[in-house]
Amino acid sequence: MPPPLRVAPFVVSLLLAALPAGAVPHVPSSDSVVVERLPARATDPRMRKLIELRAAWRRDPADAGAAVRLAQAYFDQSAAEGDPRYVGHAQAAIGLWWDQPDPPPSVRVMRAILLQYGHRFNEAVADLDAAVAQQPGLGEAWAWLAGIHMVQADYAQARRACRALAPLAPPLIATGCIAYVDSVTGRAQPAAAALRAALQADGGADAAQRQWVLTRLAEIEEHRGAVAPAEAAYREALGLDRSDVYLLAAYADFLLDQNRAADVLVLLKDRARADVLLLRLALAAKQAKDPAQAGWVTDLAARFAAAQARGDTTHQKEEARFALAVLGQAEHALLLAQANYALQRELADARILLEAALAARQPAAAAPVLQWMASSGVESVTLQALAARIKALR
Amino acid sequence: MRAALHHVRALLALVVLALVVHAPAQAHKPSDSYLTITVAEGAVTGRWDIALRDLDFAIGLDADGDGAITWGEVRARHAEIAAYALARLSIRADGADAPAGAGAAVQSCTIDVGAQAIDDHTDGSYSVLPLTIHCPQLPKRLTIGYRLFADLDPQHRGLLNLQAGGVARSAVLGPQAPVQSFDLNEASRLRQFLDYLRDGVWHIWIGFDHILFLLSLLLPAVLVWGGRQWRGAQTFGAAFWSVVRVVTAFTAAHSITLTLATLGYVSLPSRWVESAIAASVVLAALNNVWPVFHGRRWMVAFGFGLVHGFGFASVLVDLGLPRDALALALVGFNLGVEGGQLAIVAVFLPLAYSLRRSWFYRRLVMVGGSLVIALLAAVWLCERLFMFKVLPF
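Taken in sequence, the protein lines are chains W and E. Under the numbering used here, the first residue of the first sequence carries the number 9, and numbering increases by one thereafter. Under the numbering used here, the first residue of the second sequence carries the number 1103, and numbering increases by one thereafter.
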């Protein structure tokens, strides 16, 4: 339901505030003033590894192995810090092959990883398909294929990729991959049971693997409406003492749905640098009528404006939620949610489209999601409730 | 060995599955620079903001490697920063009388960098390079070649803000389009204006509530109320001026509120605005069946026109407002709305005038039609007040 306030003048002033022109440059008072802090010192072990890899690549930029190792290191750095600049550096590392029709398989996989980061899913899948055709033992390529097909709701292809991945990955990951597909194709309960059994059987798996599987489990339970088991799985995943932006965002959404905004404000207290988490903070502040809301809303609007200025459309899902829940612009949110759903069709993508269609009172716009819900057999109490309200509109 | 390999692969697979699902967390911004170029009063000037972090990656600013860049470290490298940046930016100016195919060297501008300062953007500090651009002639057409960081970060973009002749243009520079040209004449301003004009026309044509409100006020314009019934107007002139009064009052009123709301002076909850618009249609239509305001419909048009203006404003804002050409957008959109309105009137008036004495017009269209309009608008009113949806439009 759209909040009644029209925020037109507010948004105009936000846009003006977000633009750089007119800002007044200053000259620091002394040479010792620190004007910028770099993400890491040159002596940081991760940085040293990057510097070494970079030196190796510099010596021979045409060496595909060195280039892919450097690109992968940059990409991992981006994943760890959530910093998109490293993705550009990764692309530069394989720049020699970027526009080539037929690079070596390892380069193609790397190129696919960077393409999907920019939501160029079809090109990424083409690269991955070509890579596994040449080298079927490329487990990484199969894992990416499974992930991208899941995002695009192509479950048959995702399942096929999981099967190919299974002999190349440890049991926990193999089970997780299949359960991930099962969970949205009418087998949520067996999927949750399989994940629990695999976690119990593989107690020695490392934290990263367990956290990934626990996150999947928490989400499956949440979608089934099993609040207590979902909460338990989220807490166990968070207890693994390994920071993960996606997990924090998912748990925050869960808490918001339970009207536990105060818990979200505590959980994400120091995480406003990540846009996806800043969005949850703003939503929580709104739910809790917390005065911090105005500042977060301004920050978030500035970040969306900055992305728009450079023609970046990769966070339309977040922007749609912002437009709908914070700004109360149902029609605008619907346009964003539709554009997003054309590319990404996971549960969260479906949900924001249903919510926006409902708020904008345009039930026809929800048709693709309703169709997908009927054909996939997805089990989600939230989506089902929204779908029922959409149908009541007609 | 085999086991280790297996483990590495598993980890990769894990990271992978996690990442695709995890939409890219935009914790920081991708790399952008901000380039402003101004052509005014016979001179070309500019300002270029480049992130210190990106400059550090390119030429190394953090001399002592402590992860903190001091003003002293930046200041010591100002000459190198300027040289590095200028080697990756080219500007070429074509004058009005430039011979076709003249050599590039003739039209190339030279660029000087003034004293650099620091500015803060959402993702950190930037070095601000003030630019003085010397062109062989005052440009009518500017061509910008941009290659900054193209080799280090192909996803880097230069966000251009080009100000010329009071018109601002923006463009995204980068490896995806390394050379771009901009015509500095007024054509693009005209195009922008025409776009808003068209949006205005379109909005009134698809805005059933505005059309029905207008129609409700226009239906009785070819009639006169007397002896407790409607009769046809005696002359076309009388009907014409009656229409002119209504349309002018409606236009004046919604122009006022459209302007006030767009400029941010007044803001009303959209739910109440939309509900009030529906209510205005109900009242205007009922007034045709049980006339209260028959002589002074223009006052009704004015009063409710104020409310409709708020509705137009929300559309204009949703279209996106150019911050540099707010007046242009406002005037264009408003004129579009008027034009669309006049087109409706132009079709309505001759038709209604020729039918005005018929039973069909006086009873069926005037009374029956007004009742249908009132009923429809009443449903809208309920929908908008109580947030549900029955009608498909």
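Backbone N, C-alpha and C define an ideal beta-carbon position, used for all residues, glycine too. If you're wondering where the values come from, they're calculated on a predicted model, not measured in any experiment.
Inter-residue Cα distance where the pair is residue 60 of chain W and residue 100 of chain W: Linking residue 60 of chain W to residue 100 of chain W through their CA atoms gives a straight-line distance of about 16 Å.
Rounded C-alpha distance that separates residue 293 of chain W from residue 329 of chain W: Near 14 Å, if we compare the C-alpha coordinates of residue 329 of chain W and residue 293 of chain W.
For residue 1150 of chain E, the nearest candidate out of E:1387, E:1228, E:1176 (CA to CA): Ranking the options by Cα distance to residue 1150 of chain E, first place goes to E:1228.
Where residue 198 of chain W falls, given that 16 or more other Cβ within 10 Å makes a residue buried: Exposed, since its Cβ has fewer than 16 Cβ neighbours within 10 Å.
Close Cβ partners of residue 105 of chain W (< 6 Å) along its chain, the five nearest in sequence each way excluded: Annotation for residue 105 of chain W: 111, 115 place their beta carbon closer than 6 Å to its own, counting only its chain and skipping 5 residues before and after.
Closer than 8 Å at the beta carbon, the chain E residues around residue 99 of chain W: For residue 99 of chain W, the C-beta contacts it makes with chain E under 8 Å involve 1255, 1256, 1257, in order along the chain.
Reduced DSSP secondary structure (H/G/I, E/B, other) of residue 1350 of chain E: Shown here, residue 1350 of chain E sits in a helix according to DSSP, grouped into three states.
Runs of alpha helix (DSSP H) wholly within the stretch 1347-1417 of chain E (minimum 4 residues, chain order): Listed in chain order, they are 1372-1391.
Residue closest to residue 206 of chain W, alpha-carbon to alpha-carbon, out of W:196, W:217, W:183, W:228: Closest option to residue 206 of chain W, Cα to Cα, is W:183.
Spatially closest choice to residue 1487 of chain E from E:1376, E:1388, E:1401, E:1449, by CA coordinates: Minimum Cα-Cα distance from residue 1487 of chain E among the listed residues E:1376, E:1388, E:1401, E:1449 corresponds to E:1376.
Proximity below 8 Å, CB of residue 119 of chain W to CB of residue 1255 of chain E: A distance of 8 Å or more separates the beta carbons of residue 119 of chain W and residue 1255 of chain E.
Cutoff 8 Å: residue 59 of chain W Cβ touching any chain E Cβ: By this cut-off, residue 59 of chain W is not an interface position.
Supposed contact pair residue 332 of chain W and residue 363 of chain W - C-beta distance, whole angstroms, cut 8 Å: 6 Å between Cβ atoms; contact.
Contact belief for residue 1265 of chain E with residue 1141 of chain E at Cβ below 8 Å, rounded distance in angstroms: About 7 Å separates the beta carbon of residue 1265 of chain E from that of residue 1141 of chain E, a gap short enough to meet the 8 Å contact definition.
Own chain, CB closer than 6 Å to residue 1459 of chain E, minus 5 neighbours either side, in chain order: Within the same chain, Cβ atoms closer than 6 Å to the Cβ of residue 1459 of chain E are found at 1334, the five residues on either side in sequence being excluded.
Between the CA atoms of residue 95 of chain W and residue 147 of chain W - distance to the nearest angstrom: If you draw a straight line from the Cα of residue 147 of chain W to the Cα of residue 95 of chain W, it comes to about 22 Å.
Other residues of its chain near residue 1144 of chain E: CB distance less than 8 Å, five sequence neighbours each side excluded: Within the same chain, 1240 come within 8 Å of residue 1144 of chain E by CB-CB distance, once the 5 residues on both sides are set aside.
Beta-carbon spacing of residue 1276 of chain E, residue 1437 of chain E below 8 Å: No, these two residues do not count as a Cβ contact at 8 Å.
Runs of alpha helix (DSSP H) lying entirely within the stretch 212-287 of chain W, each at least 4 residues, in chain order: Counting whole runs of 4 or more residues, the stretch 212-287 of chain W contains the alpha helix (DSSP H) stretches 215-232, 235-246, 253-265, 269-275.
Chain E within 8 Å of residue 412 of chain W, Cβ atoms only: This structure cannot speak to residue 412 of chain W, because chain W is shown only from 9 to 402.
Given 8 Å, three or more beta-carbon pairs between the stretch 378-395 of chain W and the stretch 188-196 of chain W: As far as the Cβ criterion goes, the stretch 378-395 of chain W touches the stretch 188-196 of chain W, which means the pair count is three or higher.
Residue from E:1337, E:1190, E:1360, E:1221 whose Cα sits closest to the Cα of residue 1176 of chain E: Ranking E:1337, E:1190, E:1360, E:1221 by Cα distance to residue 1176 of chain E puts E:1221 first.
Bounding residues of the alpha helix (DSSP H) (the contiguous stretch that carries residue 1282 of chain E): In the DSSP assignment, residue 1282 of chain E falls outside any alpha helix (DSSP H) and within the unbroken beta strand (DSSP E) covering 1281-1285.
Partner residues on chain E for residue 51 of chain W, Cβ-Cβ distance less than 8 Å: 1167, listed in chain order.
Test: residue 73 of chain W CB closer than 8 Å to a CB of chain E: No, its Cβ sits nowhere closer than 8 Å to a Cβ of chain E.
Residues near residue 50 of chain W by beta carbon distance below 8 Å, same chain, minus five either side: Here the set comprises 56, 59.
Cα-Cα separation, residue 395 of chain W to residue 378 of chain W: Cα to Cα, residue 395 of chain W sits roughly 7 Å from residue 378 of chain W.
Same chain only: Cβ atoms within 8 Å of residue 130 of chain W, ignoring 5 sequence neighbours per side: For residue 130 of chain W, there are no CB contacts under 8 Å within the same chain when 5 residues up- and downstream are skipped.
heavy atom of the ligand ZN below 7 Å from residue 289 of chain W C-beta: This structure lacks the ligand ZN; in fact it carries no ligand of any kind.
Member of W:136, W:138, W:192, W:142 whose CA lies at the smallest distance from the CA of residue 162 of chain W: Measuring from the Cα of residue 162 of chain W, the nearest candidate turns out to be W:192.
Where residue 1181 of chain E sits in the DSSP three-state scheme: DSSP places residue 1181 of chain E in helix when its eight states are reduced to three.
Residue 1272 of chain E, enclosing beta strand (DSSP E) - first and last residue: Going by DSSP, residue 1272 of chain E is part of the beta strand (DSSP E) stretching over 1269-1275.
Cutoff 8 Å: residue 1171 of chain E Cβ touching any chain W Cβ: For residue 1171 of chain E, at least one C-beta of chain W is nearer than 8 Å to its own C-beta.
Cα-Cα separation, residue 1225 of chain E to residue 144 of chain W: Looking at the two C-alpha atoms, the distance is approximately 42 Å.
As assigned by DSSP and simplified to three states, the class of residue 1458 of chain E: Looking at residue 1458 of chain E - three-state DSSP - the assignment turns out to be coil, as it is neither helix nor strand.
Whole-number beta carbon distance between residue 225 of chain W and residue 204 of chain W, since they are thought to touch under 8 Å: That pair is a contact at about 7 Å.
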